[in-house]
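There are 2 protein chains.
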Amino acid sequence: METGYTIAEVSDITGLTAHTLRYYERAGLLSPPGRGSNGHRRYVESDLGMLRILTRLKATGMTIQEMRRYAELCRSGAATFEARRVLLEEHRQQVLDRIAALRGDLELIESKIKFYAEGDTRDLAGP
Amino acid sequence: METGYTIAEVSDITGLTAHTLRYYERAGLLSPPGRGSNGHRRYVESDLGMLRILTRLKATGMTIQEMRRYAELCRSGAATFEARRVLLEEHRQQVLDRIAALRGDLELIESKIKFYAEGDTRDLAGP
DNA sequence: GTCCCCCTTGGAGCGCGCTCGAAGTCAAAT
DNA sequence: ATTTGACTTCGAGCGCGCTCCAAGGGGGAC
Chain A
16 METGYTIAEV SDITGLTAHT LRYYERAGLL SPPGRGSNGH RRYVESDLGM LRILTRLKAT
76 GMTIQEMRRY AELCRSGAAT FEARRVLLEE HRQQVLDRIA ALRGDLELIE SKIKFYAEGD
136 TRDLAGP
Chain B
16 METGYTIAEV SDITGLTAHT LRYYERAGLL SPPGRGSNGH RRYVESDLGM LRILTRLKAT
76 GMTIQEMRRY AELCRSGAAT FEARRVLLEE HRQQVLDRIA ALRGDLELIE SKIKFYAEGD
136 TRDLAGP
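Residue numbers (the working numbering), protein chains in the order written: chain A, 16 to 142; chain B, 16 to 142.
Dropping the structure here:
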């Protein structure tokens with residue numbers, strides 16, 4: 016038995032398809048993993064750690080480009096800790112801003128819901 | 016002077032390009048507006064009202080397909096008030112769920128920020 | 001041997017939501 | 001009369017993030 020995880024195992028663990036995992040590698044989000052004696056990819060724990068944070072970044076709206084930038088910093092060693100922190104803090108702020116914007120957008124939607132709930136035929140700007 | 020707004024005026028008001036406004040019409044989000052004597056589109060207040068809600072729906076992640084469904088209900092008259100309310104309430108819940116998910120995703124990102132801020136070289140799962 | 005299944009690569013294709021370009025019409029200004 | 005400029009239609013093109021396909025290899029079970 017070889018050490019590490021096959022692409023299928025990582026797919027099961029992360030919920031990403033094998034196709035997507037190879038795509039992430041091509042896109043520079045994931046450093047090319049080692050290979051087993053049969054030439055198949057063998058992923059290790061740190062790959063899983065990277066995928067965990069990448070999926071959170073993606074879920075919060077980070078683009079592939081920005082994720083690549085983060086991944087590049089990670090590959091450049093501990094000297095980039097500060098740059099990574101800054102990058103993540105900027106992203107954090109963007110997410111907070113987006114949550115605030117969503118709340119604002121919800122207000123109009125909720126006023127519309129109220130309008131429909133009241134069956135209010137008075138004028139409230141058509142649709 | 017003809018009544019209503021030209022496509023350029025609506026573009027200015029909404030921030031959507033004229034191209035996008037025509038696209039929304041093609042896509043069934045906006046009922047075809049009236050035309051001036053020169054054949055140009057003349058938008059009216061209710062079109063602006065529709066665009067206001069559409070932009071909020073879009074900003075909160077609704078797809079064009081779903082917006083078309085809403086627009087179709089709007090075109091079908093007051094009998095669809097209840098259906099529109101249900102549609103908007105379902106969307107509202109999805110947005111609330113998404114906000115909650117974003118908050119959850121932020122937690123991992125923030126733990127990572129903390130890790131980098133402390134320059135903590137102890138093991139905390141690699142990248 | 002010969003199934004079967006998982007893996008490999010390279011490259012094409014897709015759905016979304018625009019975005020743009022070409023070619024033409026019309027009205028007002030010069 | 002010509003130029004300018006805003007509008008019209010139709011259809012193609014684009015960037016993103018996958019998603020899928022074809023063709024092939026390697027290894028275990030029977």
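For every residue, glycine included, the Cβ atom is placed at its ideal position computed from N, Cα and C.
Fair warning: this is a prediction, and the values are worked out from it, not measured in the lab.
Enumerate in chain order the residues of its own chain whose CB-to-CB distance from A:E125 is below 8 angstroms, with the five nearest sequence positions on each side excluded.
Counting only Cβ-Cβ distances below 8 angstroms, and skipping sequence neighbours, we find nothing.
Name the chain B residues whose beta carbon is nearer than 9 angstroms to that of A:H106?
What A:H106 touches in chain B: I124.
Measure how close the beta-carbons of A:L44 and A:M82 come, nearest whole angstrom, since I'm counting them as under 8 angstroms.
That belief holds up - the Cβ atoms of A:L44 and A:M82 are roughly 5 angstroms apart, short of 8 angstroms.
What's the gap between the Cα of A:G64 and the Cα of A:G119?
Cα to Cα, the separation comes out at about 34 angstroms.
Could you tell me the boundaries of the alpha helix (DSSP H) in which B:G64 lies?
That run of the alpha helix (DSSP H) goes E60 to A74.
Closer than 8 angstroms is the cut-off here; do at least three beta carbon pairs connect the stretch 89-104 of chain B with the stretch 103-110 of chain A?
No contact exists between the stretch 89-104 of chain B and the stretch 103-110 of chain A.
Quick check: what's the CA-CA separation for B:A132 versus A:T75?
The straight-line gap from Cα to Cα measures roughly 21 angstroms.
Between which two residues does the alpha helix (DSSP H) carrying B:I23 extend?
According to the sequence displayed, residue 23 of chain B carries Ala and not Ile. First-last of the alpha helix (DSSP H) with B:A23: I22 to T29.
Evaluate B:T35 with the Cβ neighbour count: other Cβ atoms within 10 Å of its Cβ, from every protein chain shown; 16 or more gives buried, anything less gives exposed.
B:T35 should be labelled exposed.
For B:L102 and B:R113, I'd like the C-alpha separation in whole angstroms.
Spanning the two alpha carbons is a distance of roughly 17 angstroms.
Answer with yes or no whether the minimum CB distance from B:G54 to chain A is below 8 angstroms.
No, B:G54 does not count as interfacial toward chain A.
Please tell me whether A:R41 and A:P48 are closer than 8 angstroms, where the distance is taken between their beta carbons.
Not in contact: A:R41 and A:P48 (Cβ atoms no closer than 8 angstroms).
With a threshold of 16 other CB atoms inside 10 Å of the CB of A:A86, please say whether the residue is buried or exposed.
Buried, since its Cβ has 16 or more Cβ neighbours within 10 Å.
In angstroms, rounded to a whole number, what distance separates the CA positions of B:A115 and A:L117?
When rounded, the distance between both Cα atoms is 12 angstroms.
At the 8 angstroms Cβ level, is A:D112 part of the contact set with chain B, yes or no?
Answer no: the Cβ-Cβ gap between A:D112 and chain B never drops below 8 angstroms.
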